[in-house]
Amino acid sequence: MRLLETVDLTKNFLGLTALDRVNFHVDRGEIVGLIGPNGSGKTTLFNCATGLLPVSGGRIKLKGEDITNRKTHEIALRGVSRTFQLIRIFPRLTVLENMLLAIQQHQGERILASILKTPRVRRLERDARDRAAELLDFVGLAPLADDPAAHLSYGQQKLLEFIMAFMPQPEIVLLDEPTAAVNPTMIQRMMDHIVELNRRGHTFCIIEHNMDVVMDLCHRVVVLDYGEKIAEGKPDEIRNNRDVIEAYFGG
Amino acid sequence: MRGGFPLTRPSPPRGQRVMWALMLVAGGVLLAGLPYVVTSAYVMHLIIFSGIYIIFALSYDIVVGYLGMLSLAHPAFYGVGAYTSVLLVMQLDVPFLPAFAAAGLLAALVAVVVGYPALRLSYHSFAIVTLAFTLIVRIVWINWVSLTNGPMGIPGVPRPRLDVPFLGQIRVETSTGYYYLILVLVLLTCSFVYLMIHSRVGRVLVSIRENEVLAETLGVNAFRYRMVAFAIGALFAGIAGSFTAHYITFVGPEFTDFYYITMLLIMVILGGSGTIHGVILGAIVFTFVPEYLRITPEFRDVIYGCILLLTIVFMPGGIGGKLNDVLARRRVPSHAAAGNR
Chain S
16 MRLLETVDLT KNFLGLTALD RVNFHVDRGE IVGLIGPNGS GKTTLFNCAT GLLPVSGGRI
76 KLKGEDITNR KTHEIALRGV SRTFQLIRIF PRLTVLENML LAIQQHQGER ILASILKTPR
136 VRRLERDARD RAAELLDFVG LAPLADDPAA HLSYGQQKLL EFIMAFMPQP EIVLLDEPTA
196 AVNPTMIQRM MDHIVELNRR GHTFCIIEHN MDVVMDLCHR VVVLDYGEKI AEGKPDEIRN
256 NRDVIEAYFG G
Chain E
835 MRGGFPLTRP SPPRGQRVMW ALMLVAGGVL LAGLPYVVTS AYVMHLIIFS GIYIIFALSY
895 DIVVGYLGML SLAHPAFYGV GAYTSVLLVM QLDVPFLPAF AAAGLLAALV AVVVGYPALR
955 LSYHSFAIVT LAFTLIVRIV WINWVSLTNG PMGIPGVPRP RLDVPFLGQI RVETSTGYYY
1015 LILVLVLLTC SFVYLMIHSR VGRVLVSIRE NEVLAETLGV NAFRYRMVAF AIGALFAGIA
1075 GSFTAHYITF VGPEFTDFYY ITMLLIMVIL GGSGTIHGVI LGAIVFTFVP EYLRITPEFR
1135 DVIYGCILLL TIVFMPGGIG GKLNDVLARR RVPSHAAAGN R
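Protein chains in written order, with the numbering used here: chain S, 16 to 266; chain E, 835 to 1175.
This is the structure:
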């Protein structure tokens, strides 16, 4: 089943074509790798898919529903979670508070009700705390729950951002370079987490430069170059694809 | 402008809780007995105005501190609240309490109308648009003579009569009466702001201020939360304006004076933006200090300026921020002793 799909997705920045009629899809339960040289349009695709950038042409669909140019928070509420290339967390809030923020409004709460703490709100809040504790425990951040996020190491912040994406029980998680600039041990931990969460039914689309990670993790790989899709296939096929090698190392 | 926010806290040990309860009772007795201790009418007047400014400053801190938007529209909401209840009571014979509520609600409604376009703007444009709004509202007060009596204002505003169920009608006429009324209003305002800040709403507001893109990515409708916070700020500003008019029994265009922006910024920033107790202290201190400096008319402004300067140099987080630091430093050893880390 097509979970996330782009049809002829095009994005122009003034004269520059960042995405050129890209047809791309992620099926339920897959881990799809999105690779390509710097500036090939990978992050732009994520930004269009999450409503952070208006698209210039083409459609984006989530579970068959057209979400093109929807507002960012609406897309998030429909089940698209993401992380960023440069970590985005709330550094001055604690780890737990960061987690709890990641579930705002996902339960259709009312603002006044949440100020007055109605029993329903209390219950939802307790459920959110339980879920946050469980997820923090899963990635091993539970002992740091009450520390300000700024006090965490770079790798731990990366883990926090990663696990925050699962708070709202997303349909699909878009990871933008989850292993960038982290040490090998942490890379392995991150990979284990992704594999385990995928086994539990989560769907992933991952932008990644580390080829070992891509080859190990991904069921399918899509390659972008200058905004165009130049290849798509199983990791083994991509590894030996002439166009891909050329794009990466120059012809 | 950005303070730290203790959003979740471990529940304190039992001894500490007993101490808090005792302090609460002592504070309650002190507040309730104040009119019987203070004999000077002048001091009582300042105390009542401190109460008004606590509400006014707290409502401003919701917008400036928690939302992180520099709104210059607050004097407009103060004026809208004042004129609304005065006109309702004097022209339409509406009882005080409904008119008072209407003052807050109309101010909030006006905030929604202004905020709908303005809150989509960037930080600086928002400041300019809200400034323009304040200036326009002031011009309306001056020029809509048939309604507002123009620059002369409306004197002889009736004093509040509260129709309370089971208690009958309470007439507020003495400064003691006004004191208890403003005390109740201050407690209600503080409780509401406290609950709001410590609910998800407060957490979400902080998150929007800190990183809007991330908040949106997490499913937060930032615009909706901005509107709600802006309207709540206006509601309490309107209430403060209404109370003021019924207290000094006058309303005029000077209710929407840009002077109030300066005053509010001093109270909020030097009091400690983002801390409720800090803003309360700021409102009290900066109501009393300028008054007591009247003893030296020649040096009044100079001394006031020096006080402001020294405060911001030595307490950049405001009075509230300083208090938080001091308390935190005292708490650290006990934490360590409990083996908390």
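Note that the Cβ used here is the ideal one computed from N, Cα and C, for glycine as well. Note that the structure is predicted; figures quoted are calculated from it, not measured.
Test: residue i CB closer than 8 Å to a CB of chain E
i: K26 (chain S); result: no
i: H88 (chain S); result: yes
i: R12 (chain S); result: Residue 12 (chain S) lies beyond the residue range present for chain S, which begins at 16 and ends at 266; the question has no answer from this structure.
i: K132 (chain S); result: yes
i: E223 (chain S); result: no
i: L115 (chain S); result: yes
i: T65 (chain S); result: yes
i: S71 (chain S); result: no
i: E112 (chain S); result: yes
i: P52 (chain S); result: no
i: R43 (chain S); result: no
i: H121 (chain S); result: Caution applies to H121 (chain S), whose pLDDT of 45 falls short of 50 and renders its modelled position unreliable; the value that the coordinates give is listed next. Yes, H121 (chain S) lies at the interface with chain E (some Cβ there is under 8 Å from its Cβ).
i: R135 (chain S); result: no
i: F126 (chain S); result: This sequence places Ile at residue 126 (chain S); Phe is not what is there. So yes, I126 (chain S) belongs to the interface.
i: R141 (chain S); result: no
i: A91 (chain S); result: yes
i: L97 (chain S); result: Reading off the sequence shown, one finds Arg at residue 97 (chain S), where the question assumed Leu. Yes, because at least one Cβ of chain E sits closer than 8 Å to the Cβ of R97 (chain S).
Which listed residue (the options) has its alpha carbon closest to that of residue i
i: A945 (chain E); options: E:L892, E:T1121, E:T964; result: E:T964
i: V1027 (chain E); options: E:V1113, E:V979, E:P985; result: E:V1113
i: T83 (chain S); options: S:T65, S:Y241, S:T98; result: S:T65
i: I1082 (chain E); options: E:A1063, E:G990, E:A866, E:V863; result: E:G990
i: N213 (chain S); options: S:R36, S:V37, S:D23, S:V47; result: S:V47
i: L239 (chain S); options: S:E89, S:D227, S:D231, S:A262; result: S:A262
i: V136 (chain S); options: E:V947, E:A941, E:S1033, E:G849; result: E:S1033
i: Q203 (chain S); options: S:E80, S:P185, S:R235, S:V154; result: S:V154
i: Q184 (chain S); options: S:T109, S:G216, S:H166; result: S:G216
i: R235 (chain S); options: S:I50, S:R36, S:V22; result: S:I50
i: A246 (chain S); options: S:L31, S:L156, S:N38; result: S:N38
i: L1015 (chain E); options: E:E1050, E:L940, E:I882; result: E:I882
i: M182 (chain S); options: S:K132, S:D191, S:L150; result: S:L150
i: L868 (chain E); options: E:T1010, E:N983, E:V947, E:V852; result: E:T1010
i: R954 (chain E); options: E:F1084, E:A1056, E:V898, E:L864; result: E:A1056
i: L101 (chain S); options: S:T218, S:M206, S:E192; result: S:E192
i: D42 (chain S); options: S:G242, S:L159, S:L18, S:A147; result: S:L18
Same chain, Cβ closer than 8 Å to residue i, neighbours up to 5 away in sequence not counted
i: F105 (chain S); result: E112, N113, L116, A164
i: M201 (chain S); result: G170, K173, L174, T194
i: E1088 (chain E); result: G987
i: A196 (chain S); result: Y169
i: G248 (chain S); result: R235, V236, N256
i: L940 (chain E); result: V914, G915, T918, G1072
Same chain, Cβ closer than 6 Å to residue i, neighbours up to 5 away in sequence not counted
i: T59 (chain S); result: K26, A33, L34
i: T3 (chain S); result: No statement about residue 3 (chain S) is possible, as the shown extent of chain S runs from 16 to 266 and does not include it.
Residue i at chain S interface by Cβ criterion, 8 Å
i: L1039 (chain E); result: no
i: G1053 (chain E); result: yes
i: R954 (chain E); result: no
i: N1158 (chain E); result: no
i: L1029 (chain E); result: yes
i: E1044 (chain E); result: yes
i: R1060 (chain E); result: no
i: S884 (chain E); result: no
Close-in-space but distant-in-sequence residues of the same chain around residue i (CB under 7 Å, 5 per side omitted)
i: L1098 (chain E); result: F890, A891, Y894, H908
i: N62 (chain S); result: L68
i: K57 (chain S); result: L49, G51, I222, L239
i: Y1012 (chain E); result: I882, V1006, Y1081
i: I1146 (chain E); result: L1104
i: T1121 (chain E); result: L880, F883, S884, Y887
i: R1128 (chain E); result: R1134
Tell me whether the segment 1068 to 1085 of chain E and the segment 856 to 876 of chain E touch, counting them as touching only if at least three CB pairs, one residue from each stretch, are closer than 8 Å. They do not touch, by the three-pair rule.
Ranges of the beta strand (DSSP E) found wholly within the segment 156 to 239 of chain S, counting only runs of at least 3: For the beta strand (DSSP E) assignment, the uninterrupted runs of no fewer than 3 residues enclosed by the segment 156 to 239 of chain S are, from N- to C-terminal side, 187 to 191, 218 to 222.
If we count Cβ pairs, one from each stretch, closer than 8 Å, do we get three or more for the segment 1001 to 1019 of chain E versus the segment 882 to 891 of chain E? Yes, the segment 1001 to 1019 of chain E touches the segment 882 to 891 of chain E.
Between the segment 1043 to 1051 of chain E and the segment 907 to 927 of chain E, do at least 3 Cβ pairs fall closer than 8 Å? The segment 1043 to 1051 of chain E is not in contact with the segment 907 to 927 of chain E.
Just list the beta strand (DSSP E) runs in the segment 884 to 937 of chain E, keeping only unbroken ones of 3 residues or longer that don't cross its boundaries, in chain order. If you keep only unbroken beta strand (DSSP E) runs of at least 3 residues inside the segment 884 to 937 of chain E, you get nothing at all.
Should the segment 983 to 999 of chain E be regarded as contacting the segment 920 to 932 of chain E, the criterion being three or more beta carbon pairs within less than 8 Å? The segment 983 to 999 of chain E vs the segment 920 to 932 of chain E: in contact.
What runs of the beta strand (DSSP E), each 3 residues or longer, lie entirely inside the segment 1077 to 1109 of chain E? Listed in chain order, there is nothing to give.
Starting from the N-terminal side, write out each stretch of the beta strand (DSSP E) that is 3 residues or longer and does not extend beyond the segment 31 to 85 of chain S. Correct list: 31 to 42, 46 to 50, 72 to 77.
I'd like to know if the segment 1085 to 1098 of chain E and the segment 964 to 976 of chain E are in contact, where contact means that at least 3 CB-CB pairs between them fall below 8 Å. Note that the segment 1085 to 1098 of chain E touches the segment 964 to 976 of chain E; at least 3 beta-carbon pairs, one per stretch, sit closer than 8 Å.
Answer yes if the segment 140 to 153 of chain S comes into contact with the segment 88 to 102 of chain S, meaning at least three C-beta pairs across the two stretches below 8 Å, and no otherwise. No: the two stretches stay apart, fewer than three of their Cβ pairs being nearer than 8 Å.
Would you call the segment 1107 to 1121 of chain E and the segment 914 to 927 of chain E touching, i.e. three or more CB-CB distances under 8 Å? Not touching, per the Cβ criterion.
Whether or not the segment 898 to 906 of chain E and the segment 1056 to 1070 of chain E are in contact is what I'm after, with contact meaning three or more pairs of Cβ atoms, one per stretch, closer than 8 Å; do they touch? Yes, they touch.
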